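A short write-up of the structure that comes next.
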Amino acid sequence: MTESEPVPLPSPAQPDRWAHLRRHTDARIALGHAGSGLPTAAHLAFQAAHAQARDAVHTPLDVAALLVALEERGWPAVPVTSAAPDRAAYLKRPDLGRQLSEESQRRLSEPVRAPDVALVVGDGLSGTAVQANAVPVLESLIPKLQAAGLQVGPVVVAEQARVALGDPVGALLQARASVVLIGERPGLSAADSLGLYLTWEPRPGRVDSERNCISNVRVGGLAPAAAAAQAAALLTAMFAQRRSGIRLDAAAPATPPALPGDGVP
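Structural data, given as structure tokens:
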């Protein structure tokens, strides 16, 4: 380099070649680094997401408000609780969340017309998800079931609930199928995700392989109307094939649901 040549300057910052991908996902990709760690903004965003996930687990479902919302739409509702006496027990003893309390068992044992489909709304691990998404899903799902000629039972609203709580609920109501709408375990990208779990002939002892799941129902994920359409299609297949879970052929041609009294054993 001669004295007349300019001194080279540091290269300008390279453009972020991953930025366009971030527009398509909530996943944490290409966060960059600062020294041996994350940039400050990415680190603070991670901490905020972690706090939101913890809050979602511990924020109680506003059952009273949910019952009012259901009744305003003309849907009878029945509140129940699991065998977990409080949130601490629920988190430490998942088995208690799969069983009904004795009082709830008595309440659901009262004589009622057996529905084709039992609808259960449970707080699960995110009451936030249920509060935001359960009613919008039901607003689309219930009319689809009624249009298909299916008898829908009262909406059972369950506190301290796990997915399998729908099995004793469905058995006591003598339902042919159940749909459990429940708050999913919060992640660091979404703390308000609702899941739908569908089971043919629900009864205690059912295992996860006997269920069908629709997940990530939330703003930014699967829209409530789309989730309801998927659930209705799965239920149609269940009533036609009389099974659910891994044995269900969801791609089989749709046929009208088999209703009680149609000669099907």
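1 is the number of the first residue of the sequence shown in full-length UniProt numbering; add one for each residue after it.
Yeah, the Cβ is synthetic: ideal placement off N, Cα and C, and Gly gets one too.
From a predicted model like this one, the values you see are computed outputs, not experimental measurements.
In the three-state reduction of the DSSP assignment, Gly153 falls in the coil class, being assigned neither a helical nor a strand state. When rounded, the separation of the alpha-carbon atoms in Gln174 and Ala158 is 18 Å. Here Ser104 carries a helix assignment [DSSP, helix/strand/coil]. Pro224 sits buried, since 16 or more C-beta atoms from the chains shown fall within 10 Å of its C-beta.
Boundaries around Arg22 are those of the alpha helix (DSSP H), 19–22, since no beta strand (DSSP E) includes it.
For Ala191, the CB contacts under 8 Å within the same chain, skipping 5 residues up- and downstream, are Ala49, Gln52, Ala53, Asp55, Ala56, Ser126, Thr128, Ala129 in chain order. For Thr236, the enclosing alpha helix (DSSP H) has its first and last residue at 224–241. Apart from the 5 residues on each side of it in sequence, Asp167 sits with its Cβ closer than 8 Å to the Cβ of Arg98, Ser178, Thr199, Pro202, Arg203, Pro204, Gly205, Arg206 in its chain, given in chain order.
Looking at the DSSP output, Asn133 bridges to nothing. For Arg87, the enclosing alpha helix (DSSP H) stretches over residues 87–92.
In the DSSP assignment, Gly32 falls outside any beta strand (DSSP E) and carries neither an H nor an E. Where Leu173 is concerned, the enclosing alpha helix (DSSP H) starts and stops at 166–173. For the pair of segments examined, the region 87–107 was found not to touch the region 132–150: the number of CB pairs separated by less than 8 Å stays below three.
When rounded, the separation of the alpha-carbon atoms in Leu61 and Gly35 is 42 Å.
Each residue's CA atom was taken as its position, placing Val180 and Thr40 some 40 Å apart.
Here Leu96 has Ser82, Ala83, Ala84, Ala89, Tyr90 as same chain residues with Cβ atoms under 7 Å from its own Cβ, once five neighbours each way along the sequence are excluded.
Cβ atoms of Ile214 and Leu196 come within 8 Å of each other, at about 4 Å.
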